[in-house]
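Student:
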Amino acid sequence: MQLEVGSILEGKVTGVKKFGAFVALPEGKTGMVHISEVSNEFIQDLSTVLSEGQTVKVKVINIAPDGKIALSIKRTLPPPPRGERAGGQKQGGGPRPKGAKGQRADTGRVWQPRVQAPQGDMSFEDMMARWKTRSEENNADLKRATEGRRGGYSRRR
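Residue numbers (our numbering): 7 to 163.
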């Protein structure tokens with residue numbers, strides 16, 4: 007069976023780290039389930055949920071050009087009931103603690119590293135021009151972000 011994005015497979019957990027778990031897939035391939043893709047609820051310590059040798063159902067969410075396979079366990083689970091938060095609390099049930107935020111919706115996007123142009127064939131002048139352009143863009147963004155905050159003190163009454 008050919009591995010492709012969207013396919014659901016069974017695999018065996020071969021290693022558990024702080025950031026995720028490695029899963030052995032059919033055909034001798036290995037993928038990784040990031041800690042955020044294990045459950046719909048917050049997980050502090052992954053080793054409390056998964057252990058080595060455990061068989062899990064996973065969904066392939068990305069296959070990088072370098073061969074790394076991103077997996078998800080939570081995308082194989084049924085979605086949580088609408089109107090409920092993680093932990094079984096209903097939304098809107100009284101005041102939330104200060105600083106508490108709602109859960110983000112799962113957009114299905116997977117982090118991908120930025121692809122940068124190879125710099126080996128760029129001349130020094132090209133690299134300087136690129137640096138100058140980026141520097142000007144960063145300065146413009148910084149200026150735009152701070153201009154609104156410079157209200158200052160007004161003596162009018």
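Every residue, glycine too, gets a C-beta built ideally from N, C-alpha and C.
Specify, as a first and last residue, the run of the alpha helix (DSSP H) that K149 falls within.
Tutor: Walking along the sequence shown from the start, residue 149 turns up at place 143. Per DSSP, K149 belongs to the alpha helix (DSSP H) from F130 to E153.
Student: Can you tell me the Cβ-Cβ gap for V116 and I67, rounded? I've got them flagged as a contact below 8 Å.
Tutor: Indexing the sequence shown from 1 puts residue 116 at position 110. Indexing the sequence shown from 1 puts residue 67 at position 61. With a Cβ gap of about 5 Å, V116 and I67 count as contacting.
Student: Would you tell me roughly how many angstroms separate the C-alpha atoms of Q60 and A27, rounded to the nearest one?
Tutor: Reading the sequence shown from its first residue, position 54 is the one you call residue 60. Reading the sequence shown from its first residue, position 21 is the one you call residue 27. C-alpha separation (whole angstroms): 11 Å.
Student: Going by the beta-carbon positions, is the gap between V62 and I79 smaller than 9 Å?
Tutor: By 1-based counting over the sequence shown, the position of residue 62 is 56. By 1-based counting over the sequence shown, the position of residue 79 is 73. Yes, Cβ-Cβ distance for V62 and I79 is below 9 Å.
Student: If we call anything under 9 Å between Cβ atoms a contact, is G17 one with G37?
Tutor: Taking the sequence shown and counting its residues from 1, the one referred to as residue 17 is at position 11. Taking the sequence shown and counting its residues from 1, the one referred to as residue 37 is at position 31. In contact: G17 and G37 (Cβ atoms closer than 9 Å).
Student: According to DSSP, which residues form a beta bridge with I41?
Tutor: Taking the first residue of the sequence shown as 1, we reach residue 41 at position 35. Looking at the DSSP assignment, I41 forms no beta bridge with any residue, so it has no partner.
Student: Starting from A27, trace the beta strand (DSSP E) in both directions and tell me its first and last residue.
Tutor: Residue numbering aside, residue 27 sits at position 21 when the sequence shown is read from its first letter. G26 to A30 is the extent of the beta strand (DSSP E) around A27.
Student: Tell me the DSSP secondary structure of S78 in three-state form.
Tutor: In the sequence shown, residue 78 corresponds to position 72, counting from 1. Of the three classes helix, strand and coil, the one that applies to S78 here is strand, per DSSP.
Student: What are the boundary residues of the beta strand (DSSP E) that V116 is part of?
Tutor: Numbered from its first residue, the sequence shown carries residue 116 at position 110. No beta strand (DSSP E) contains V116, which DSSP labels as neither H nor E.
Student: Quick one: Cα of V22 to Cα of A151, how far?
Tutor: The sequence position of residue 22 within the sequence shown is 16, counting from 1. The sequence position of residue 151 within the sequence shown is 145, counting from 1. Taking the straight line joining both Cα atoms gives about 42 Å.
Student: Label A76 either buried or exposed according to how many other C-beta atoms from any shown protein chain fall within 10 Å of its C-beta, with 16 as the threshold for buried.
Tutor: Stepping through the sequence shown from its first residue, residue 76 is reached at position 70. By the neighbour-count rule (16 or more Cβ atoms within 10 Å), A76 is buried.
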